[in-house]
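These protein sequence lines are chains A and B, in that order. Heads up: the first sequence runs through residues 1 to 520, numbered per this note's numbering. Heads up: the second sequence runs through residues 1001 to 1520, numbered per this note's numbering. We put the CB at the ideal spot given by N, CA and C, even for glycine. Quick caveat: nothing in here was measured; it's all calculated off a predicted structure.
2 protein chains.
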Amino acid sequence: MKKADKFVMNAAGRIVPTIINGKKVTPFMGVNKYRPTHKGIATRIPTCIDYPKDGNKIVESLKEALIKSGLKDGMTISTHHHYRNGDYVANMIFDIAAELGIKDLRWFPSAAFPCHAPIIEHLKSGVVHHIEGSLNGHLGDFCSHGKMKGLGYLRSHGGRYRAIADGEVHIDIAVIAASAADMTGNANGVLGKHPFGPVSFSRTDAKNADRTIIVTDSLIDFPCYPWEIMGNDVDFVVALDEIGDPQKIVSGTTRITKSPDRLLIAEYCAKFVEAAGILKDGMNFQAGAGGTSLAFVHFIKEMMLEKGIKARSVVGGSTKFLVDMMEEGLTDYIFDGQTFGLEAISSLRDNPNHIPIGIFEIYDFHAKGNIARMLDVIVLGSTEVDVNFNANCVSHSDGRMLHGIGGFQNCMLAKCTILAVPSFRDRIPVIKDEVTTLVAPGELVDVIITERGIAINPRRKDLIEATKNSSLPIRDIKDLKKEIDQICGIPAKPKLSDEAVAVVEWIDGTILDTIRKVKK
Amino acid sequence: MKKADKFVMNAAGRIVPTIINGKKVTPFMGVNKYRPTHKGIATRIPTCIDYPKDGNKIVESLKEALIKSGLKDGMTISTHHHYRNGDYVANMIFDIAAELGIKDLRWFPSAAFPCHAPIIEHLKSGVVHHIEGSLNGHLGDFCSHGKMKGLGYLRSHGGRYRAIADGEVHIDIAVIAASAADMTGNANGVLGKHPFGPVSFSRTDAKNADRTIIVTDSLIDFPCYPWEIMGNDVDFVVALDEIGDPQKIVSGTTRITKSPDRLLIAEYCAKFVEAAGILKDGMNFQAGAGGTSLAFVHFIKEMMLEKGIKARSVVGGSTKFLVDMMEEGLTDYIFDGQTFGLEAISSLRDNPNHIPIGIFEIYDFHAKGNIARMLDVIVLGSTEVDVNFNANCVSHSDGRMLHGIGGFQNCMLAKCTILAVPSFRDRIPVIKDEVTTLVAPGELVDVIITERGIAINPRRKDLIEATKNSSLPIRDIKDLKKEIDQICGIPAKPKLSDEAVAVVEWIDGTILDTIRKVKK
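Right, here's the structure in full:
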């Protein structure tokens, strides 16, 4: 079975395979061009008869749970990334699979972290055939060098949900780490000894997998509420002493940037939002947990206080900064997909207006709308942009795939999507003639904000018009590029072979781009 | 198309059709004998492309929404009953259908109420072919007299959910009345001018129907949170001046019985629970909103205070009495499927431990367990029981189908199911040789409690043993029947023809019993 076969040029001008890991796929047809015609997933129908009458689904070990779940060659195993770089569970699963002599598994995580580097050994030995999910750090480097047997498959958070719901990915066994659970499998990430926040990314795994295993280090009395994962979707419960490193569970950048350039970018973002008329009472917006995003939140907050306005909702990656905003009455709600920092976790647990949000709600494209589309503004980072406003967030300019794809693509649907980027990193320009990897089509990127100026997508005449009399440094993206190139010089093109190592799927399930093997 | 055809005797000894409204069905095979082998529903995959970019799904009228949803002959239209006897919406739908000349609709409500009597005209004229759902009062009487074109189909709350999820019932259009909604269809029953409680029964309708319409009389700013119905599942939003009669929305018996007999029954129930060792710290139980149930809650509460214990959770039909229990620290949680009374609604809205609960969570039988099974005790009423502990809750002893089936069958899975019944009503004995309609197989009914004595199912040797030294009047059910018959006399058998007018489905989707036409 070839990793990738039958390449064609798609509507974005990218050469992509039409056969991936033996399965036919559809090339990207353009933004809003692909329309699904098939029906969604039909799952196995369980029955109460097959589950313990007293509701007690506890088994002795993860190994027992995997065996009872029928683990065998070629299966798809899903996990979530809410334990971030402190997760022990994914490594345990594949160590057990290796011990049992299982081969050719597909790992389907919502994201992988550096702590998952040991899985490289299982990729080498054939226990894991390939990974479908963000491949950053060591795993990304491994894949970038063409060492993974199957083709990598990058899906956005929303795309992953869609792939499950559409029946594109069938999960055989979902293994869900929970900071607290009861004996019947009701589980969440806000109670127990090492809480991490919402476990929302796994709800669809639990619903659609043939078998669902909850792994926890804090068993509590039935009913474990909130039951973000509902026991009625769970087959087995495993209680272990430790399922993650508490020091690393709640990781992520949770400090406002101190870099003068980044602060300037954040300030430009906030001022742009004001100038464009987006900053108004009842607005809904999203801002992440990176240093620049936090600074953006800081500036927006100052403006809101000054103008005496409040937001209706803020979507996180929640942080102490968003929690402060809500507690100061500057937003009615926080909708929270991932939580960064202990203050945010206790807010999520205790404040009824701090609400865990699922991927269906915020990002699913094969739904009757989604919240991302209704947000007034989203501010994001990226690794590269180009003069046609195309954006990349997964690979470096040397072609190595080192960063997670996250919800980047899904955020493109907001009413105004701003990419906040430094004009160069390590003397490598961020604005290119063409992005190394196409992750978001340029027609959906509205504004690119650097410390040297702001480029508005020519398609957004409304934003150009609204901000034309502002004092902001609004510039043509090509001029901006020229200035940056004069400082940095134009870097050499990445040395890439023809061999495909991974693909980027667009939010509608079509194939947007191919990531190629880097030459040594 | 025959209403019912090819009758056989099922495992409960009841003669049931194997063809209903033209479709093949499975006769009841015995408790825990039927195991599903097919896969569940695969729904149409929608796409954001087809929905307004600004999220605004408001259309001018319910008529426009129904037309845009493609309303046509033979479709299945679902509604919920949370507006109870104050609902205006179901009648509106079928009036519009009549106006548009539509025929042969299947109405699939979660329950019907006396306010829906006008639909009899649409049943007569052929706009509505038949109703699948509780047929009480006028509609039940109409059906009982053989006047409905199709066969009535009674499913428990859990059975209705299961039928949708299993693909047994495909909903073409779900029309969901909400006390508050935003323009994109996020909706609930706790905000707005006439709140009614959770709208949980409709969640599965919204998820699985081809088209979902929200009808509200209180449009609020996006996002309408809690979004019990999520906008991403909604096609159209209709705002009307009035969608229900506020006087009748929050109806239901919400006073403790004053009848000395019923009070005695309730006291026996509470004392039985204590004697059987069920009353203990951390217990989970369910008690409804009827007068006897409320009295039971009252007695249980007194006992809990006396013993210094608290419940972990109480499942409602929530009432002021349950709210008081939680506020006095006698339970950690209320799990609430339906709310009775304004105090309960404000508790549901404001107390994070008063939690709306879906049918999947509490009652679904084709799940990996459910909460009903984990409850220590449930107390219910019924219209009839028999000497084999079989129970009936839908028909009178004259054979007329006048009462809703509700969650009656689903509650049979609790660790201890108690039927609290007066020994006779209007001089008609409640304990029969054989129930007129079999709604719950006797092997699942644990205890029958009347004012004249308590009968424990011989299968429950544990309960017999636990209570044998109590002072409770524990009696053989046949002795109890004899005593009651001596008072009332044995009533004449109901005058029923051979013609089937409805069936009762068991929680696993098999056909448990047939309801026959009453003779004039």
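Close partners of Ile49(A) in chain B (Cβ separation under 9 Å): Asn1032, Lys1033, Tyr1034, Arg1035, Phe1365, Asp1508. A distance below 6 Å between beta-carbons, with the five flanking residues on each side excluded, links Lys1147(B) to no residue of its chain.
If you compare the alpha carbons of Ser259(A), Arg211(A), Ile256(A), Gln247(A) with that of Val237(A), the shortest gap goes to Arg211(A). Thr1043(B) carries a coil assignment under DSSP once its states are collapsed to helix, strand and coil.
When Cβ-Cβ separations below 7 Å define contact, Asp1386(B) makes no contact with chain A. Here Val1273(B) carries a helix assignment [DSSP, helix/strand/coil]. Cβ proximity to chain A below 7 Å picks out Asp1221, Phe1222, Pro1223, Tyr1225 from the region 1196 to 1226 of chain B. The beta strand (DSSP E) runs lying completely inside the region 360 to 395 of chain A and spanning 3 residues or more are 377 to 380, 384 to 386, given in chain order. By a beta-carbon distance limit of 8 Å, Ile164(A) contacts Ile41(A). Their separation comes to about 7 Å. Spatial neighbours of Pro260(A) in its own chain (CB-CB distance under 6 Å, excluding positions within 5 residues in sequence) are not present. Contact of Asn1232(B) with chain A is assigned, a C-beta pair being separated by under 7 Å. Around the beta-carbon of Ala502(A), 16 or more other beta-carbon atoms lie within 10 Å, marking it buried. Taking Val169(A) as reference, the option from Thr43(A), Tyr83(A), Tyr225(A), Val273(A) with the minimal CA-CA separation is Thr43(A). Note that the region 1022 to 1034 of chain B does not touch the region 1175 to 1182 of chain B; fewer than 3 beta-carbon pairs, one per stretch, sit closer than 8 Å.
Rounded to whole angstroms, the Cβ separation of Gln409(A) and Ile507(A) is 5 Å, and the two are in contact under 8 Å. Taking 7 Å as the threshold, the shortest C-beta distance from Asn457(A) to chain B does not fall below it. In the displayed model, Asp336(A) falls within a strand according to three-state DSSP.
The CB of Glu1465(B) never comes closer than 8 Å to any CB in chain A; the least such distance is about 19 Å. Ser346(A) is outside the set of residues whose beta carbon lies under 7 Å from a beta carbon in chain B. Looking only at Ile464(A), Leu413(A), Arg452(A), Glu451(A), the smallest Cα-Cα distance to Pro441(A) is reached by Leu413(A).
Within the region 1292 to 1321 of chain B, the residues whose Cβ lies closer than 8 Å to any Cβ of chain A are, in chain order, Arg1312, Ser1313. Against Asp1235(B), the close residues of chain A are Lys368, in the order they occur along the chain (beta-carbon pairs closer than 7 Å). Within chain B, the residues Ile1045 have their CB atoms less than 8 Å from the CB of Asp166(A), given in chain order. Its chain contains Glu384, Asn392, Ser395, Ser397, Gly399, Pro494 as the residues whose beta carbon lies nearer than 7 Å to that of Thr436(A), once the 5 sequence neighbours on both sides are disregarded; these appear in chain order. If only complete runs of 4 or more residues are kept, the region 112 to 161 of chain A shows the alpha helix (DSSP H) at 119 to 125, 137 to 144, in order along the chain.
Residues of chain B with a Cβ closer than 7 Å to the Cβ of Thr184(A) are, in chain order, Gly1369, Met1374. Annotation: the continuous alpha helix (DSSP H) that includes Lys1307(B) extends over 1291 to 1307. Contact between the region 1046 to 1053 of chain B and the region 365 to 372 of chain A is present: three or more C-beta pairs spanning the two stretches fall below 8 Å. Taking a C-beta cut-off of 9 Å against chain A, the contacting residues of the region 1275 to 1293 of chain B are Gly1282, Asn1284, listed in chain order.
The alpha-carbon of Ile171(A) is positioned some 54 Å away from that of Leu1264(B). The continuous beta strand (DSSP E) containing Arg106(A) extends over residues 105 to 109. Judged by their CB atoms, Pro1356(B) and Pro1223(B) are not nearer to each other than the 7 Å cut-off. Within chain A, the residues placing a beta-carbon under 8 Å from that of Phe1360(B) are Met230, Asn232, ordered along the chain. Ala466(A): member of the alpha helix (DSSP H) spanning 461 to 467, first to last residue. Put simply, of Ile1334(B), Ala1098(B), Leu1191(B), Ala1065(B) the residue whose alpha carbon is nearest the alpha carbon of Lys1310(B) is Ile1334(B).
For Thr450(A), the secondary structure class from DSSP, reduced to helix, strand or coil, is strand.
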